[in-house]
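Visitor:
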Amino acid sequence: MSPSSSSLVSSPTQSNMVSNMALFHPLFSHSTSLHLPQTPKQPQPLKLLLCLSPPTHPRPFIPSRKMSFSSIKCAAVADTTPPPAASPPLDEDQEDHKVLVGPTTEAERRGERVAADYDWTEEWYPLYLTQDIPEDAPLGLTVFDKQLVLYRDGNGELQCYQDRCPHRLAKLSEGQLIDGRLECLYHGWQFEGQGKCVKIPQLPTDAKIPKSACAKTYKVRDSQGVVWVWMSPKTPPNPAKIPWFENFARPGFQDTSTTHELPYDHSILLENLMDPAHVPISHDRTDWSAKREDAQPLRFEVTERTDRGFAGWWGKATDPSAKSFLRFEAPCSLQNNREIVDEKTGEKHYFSGLFLCRPTGQGKSMLIVRFGGTKRSPVAKLFPKWYFHQNAGKVFEQDMGFLSSQNEILMKEKVPTKELYINLKSSDTWVAEYRKWMDKVGHGMPYHFGHSTISLPKEPAVVEHAPAGLVAGGSASFPAKGGIGSMHAPNLANRYFRHVVHCKICRDVVKAFQAWQKGLTAVAVAFAALAILVSGRQWKAILLVSAAISSAGVYACSHAVALNTTNFVRTHRRL
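If you read the sequence shown in this note's numbering, its first letter stands for residue 50, the second for the next number, and so on.
#1: Inspect the beta-carbon positions of Tyr399 and Gly364 and report whether they are closer than 9 Å.
#2: Quick check on this structure: which residue in Leu403, Ala577, Val428 has the alpha carbon closest to the alpha carbon of Val418?
#3: Can you list, in chain order, the residues of its chain with a C-beta nearer than 7 Å to that of Pro625? Leave out the 5 residues immediately preceding and following it.
#4: Let me see if you follow: with CB-CB separation under 9 Å, is Val192 close to chain D or not?
#5: Do the CB positions of Ser2 and Cys406 come within less than 9 Å of each other?
#6: Which residues in the same chain have their Cβ closer than 8 Å to the Cβ of Ser117, if we skip the five residues on either side of it in sequence?
#7: What are the boundary residues of the beta strand (DSSP E) that includes Cys406?
#8: Helix, strand or coil: how does DSSP classify Leu311 here?
#9: Put Met449 into one of helix, strand or coil per three-state DSSP.
#10: Between the C-alpha atoms of Ala344 and Glu468, what's the straight-line distance to the nearest angstrom?
#11: Are the CB atoms of Val559 and Val594 within a distance shorter than 9 Å?
#12: Identify the continuous alpha helix (DSSP H) that holds Arg158 and give its terminal residues.
#13: Measure from the alpha carbon of Arg354 to the alpha carbon of each residue in His327, Leu459, Ser414, Met487, then state which is nearest.
#14: Distance check for Ser501 and Leu176, CA to CA, integer angstroms please.
#15: Once you ignore the five residues that flank Ser454 on each side, which residues in its own chain have a CB closer than 8 Å to its CB?
#16: Tell me whether the segment 547–565 and the segment 429–447 touch, counting them as touching only if at least three CB pairs, one residue from each stretch, are closer than 8 Å.
#17: Threshold first: 4 residues or longer. Then list the alpha helix (DSSP H) segments lying entirely within the segment 278–322, N to C.
#18: In this structure, how does DSSP classify Pro329 when only helix, strand and coil are distinguished?
#19: Could you tell me whether the Cβ atoms of Ala262 and Pro325 are closer together than 9 Å?
#20: Relative to the C-alpha of Pro152, which candidate in Lys248, Lys340, Arg484 has its C-alpha closest?
#21: Can you tell me the Cβ-Cβ gap for Asn385 and Asn296, rounded? I've got them flagged as a contact below 8 Å.
#22: So the candidates are Lys283, Gly568, Ser584; which of them puts its Cα closest to the Cα of Ala596?
#23: Apply the 10 Å Cβ neighbour rule to Val550 and answer buried if 16 or more other Cβ atoms are within range, or exposed otherwise.
#24: Count the other C-beta atoms from every protein chain shown that fall within 10 angstroms of the C-beta of Gly301, then say buried if there are 16 or more, exposed otherwise.
#25: Between the segment 262–271 and the segment 241–254, do three or more beta carbon pairs fall short of 8 Å?
#26: What do you get for Pro187, buried or exposed, if any count of 16 or more other CB atoms within 10 angstroms of its CB means buried?
#27: Which residues bound the alpha helix (DSSP H) around Tyr604?
#28: According to DSSP, is Tyr210 helix, strand or coil?
#29: Excluding the 5 residues preceding and the 5 following Phe562 in the sequence, name in chain order all residues of the same chain whose CB lies nearer than 6 Å to its CB.
#30: In three-state DSSP terms, what is Ala385?
#31: Taking only runs of the beta strand (DSSP E) that begin and end inside the segment 412–496, which ones reach a length of at least 3 residues, in chain order?
#32: What three-state label does DSSP hand Leu505 in the structure shown?
#33: Below 8 Å on the Cβ atoms is my contact criterion, and I expect Lys489 with Asp356 to pass it. Report the Cβ-Cβ distance as a whole number of Å.
#34: To the nearest angstrom, how far is it from the Cα of Ser306 to the Cα of Ala256?
#35: For Gln251, I'd like the list of residues in its chain whose CB is within less than 7 Å of its CB, leaving aside the five on either flank, ordered along the chain.
#36: Hey, how far is the Cα of Gly203 from the Cα of Gly224?
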């Protein structure tokens, strides 16, 4: 990816205040207009009827360079009655084609499908924010159906293994770190470096450790604050494929980064993140950047289509000069970049919204969100980072019900999305582009839901019910794999499990507020007791006021804990 190709230049009509509001709303870049002196291209008329494939039994998509749509039947027939001489009215099909996304490439217009060379294992996947990797415990993670364990060894180096002890298949992520080595808590086997087993307690003193007693390893790299993993066991890692985000390397660039585990497929998550049309409705009044009265037709212009993704501009249909830029790159990176020039000083400021969406199995995904810029709003500086984290959690919870049900329907219906979606040109262009990209590369994935193709998961979904082990829980303050207790139970519907356990900042904040809450409770009780015991009115008043202030502090701490751990509940209202 060319770093410069993903940036855009705005006129100096926007204030610095607005330019920094992306930090307040994870999807704010979708609703921000950027003014560019550029004349839009006129859309080309589509001359194909909206067609649907006949119902067939689902089967894995077998790639080929060209495949004919010979079995396609049209869903509607045009009216053959001669229209009146004056301004002929459009029939229903023509009306539909004016608003629905149709074929976008020459191959698609000719009824051909093109499959790209693609192997999902020969890619770098975002594992975790570097700053949030625990120092004192292993971390269990997944990519599609592959389970991994990540930890820091005694030298501070990152090591990544298959999350399976070669002895009896116990999870190494349930283990602990001893002198920089990863120990399996089932029988005490210890591993270090490139998966070498260095200790087996049950082995006789005069026996050597078997050569086969080693853990399978994966290569990892730390780049721009994110740990990436190369999933191919055969092909050597290709460093050129590690995404590089130019704005994050600029002097003075500051970002707010969060991690969220979500209960729906990563393709549905990516759809949601590249869908600007839903923001005013779904996130109405979440903050001042989303208002339902701003919902309107949008215009899209695709400028790039490759085997590795697509990119282009979008903006309000009523304002041709208002544009934003979006880029999707395989396997799972989505970004919005923009440049804003200060009217007064002529200084150029850079802003980015970055979404790294890792597939974590059927119906699950993990998202790393990064918003930042070379200049921050003075108002944004007044709020702590954990406030933005909990606000991001609220945004994802607002969409969770829709996206979880969407995931469920896709699995039940077992047909491509063109059979189910009604994609509008004025709102769903990026969604259609993404699903059509999956048509090209889906044959190289464990499973996929494309626009015209589908391959269902071959491996059954695994649901884990057991919490983390007691020793693992004791060795890590708030282990990232759960914990003991109802609030910390592994549950993707719980904000604490979805975000707080993955975020060092929020873990420390929750722990601090809980400690203050207990301390202030004790102080409030003590002041109240003393107020009862003393006889002087002045002292009684002072002690009661002190007790009231302490009680207010208890409430504030309780509210702060709730902000970080309690789900958003939508309040339906009559408008």
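C-beta atoms are modelled at their ideal positions from N, C-alpha and C, and glycine is treated no differently.
Guide: Taking the geometry as given:
#1: Cβ distance not < 9 Å, so Tyr399 and Gly364 don't count as in contact.
#2: Ranking Leu403, Ala577, Val428 by Cα distance to Val418 puts Leu403 first.
#3: Since the first and last residues shown for the chain are 50 and 624, residue 625 lies out of range.
#4: The structure shown has no chain D; it contains just one protein chain.
#5: The chain is shown from 50 up to 624; residue 2 falls before or after that span and cannot be answered.
#6: Note that Ser117 has pLDDT 39, beneath the 50 cutoff, so the model's placement of it is unreliable and the number below is only indicative. For Ser117, the CB contacts under 8 Å within the same chain, skipping 5 residues up- and downstream, are Gly160, Glu161 in chain order.
#7: Under the DSSP assignment, Cys406 falls in the beta strand (DSSP E) whose first and last residues are 397–408.
#8: If DSSP states are grouped into helix, strand and coil, Leu311 belongs with the strands.
#9: Helix at Met449.
#10: Rounded to the nearest whole angstrom, the CA to CA distance from Ala344 to Glu468 is 26 Å.
#11: Contact: no.
#12: DSSP places Arg158 inside the alpha helix (DSSP H), whose first and last residues are 155–158.
#13: Checking every option, the nearest Cα to that of Arg354 belongs to Met487.
#14: Between Leu176 and Ser501, the C-alpha separation is close to 30 Å.
#15: None.
#16: In short, these stretches touch, since the Cβ pair count reaches three.
#17: If we require 4 residues or more, the alpha helix (DSSP H) runs fully inside the segment 278–322 come out as 315–322.
#18: Pro329 falls in the helix class under three-state DSSP.
#19: Going by C-beta atoms, Ala262 is not nearer than 9 Å to Pro325.
#20: Comparing Cα positions, the closest option is Arg484.
#21: Contact doesn't hold; Cβ gap of about 11 Å is too wide.
#22: The candidate whose alpha carbon is nearest that of Ala596 is Gly568.
#23: Counting other Cβ atoms within 10 Å of its Cβ, Val550 reaches 16 or more and is therefore classed as buried.
#24: When all chains shown are included, Gly301 counts as exposed.
#25: Output reads yes: the segment 241–254 touches the segment 262–271.
#26: By the 10 Å Cβ count, Pro187 comes out buried.
#27: Annotation: the continuous alpha helix (DSSP H) that includes Tyr604 extends over 586–614.
#28: Secondary structure at Tyr210: strand, using DSSP grouped into helix, strand and coil.
#29: The beta carbon of Phe562 lies closer than 6 Å to those of Cys606, Ala609, Val610 in the same chain, with the five residues before and after it left out.
#30: Here residue 385 is Asn; the residue named in the question, Ala, does not match the sequence. Residue state, collapsed to three classes: strand.
#31: Fully enclosed beta strand (DSSP E) runs of 3 or longer: 414–422.
#32: In this structure, Leu505 counts as coil in the three-state DSSP scheme.
#33: With 8 Å as the limit, Lys489 and Asp356 qualify as a contact, their Cβ atoms being about 6 Å apart.
#34: So the alpha carbons of these two residues sit roughly 49 Å apart.
#35: These residues qualify, in order along the chain: His236.
#36: Going by the C-alpha atoms only, they are around 16 Å apart.
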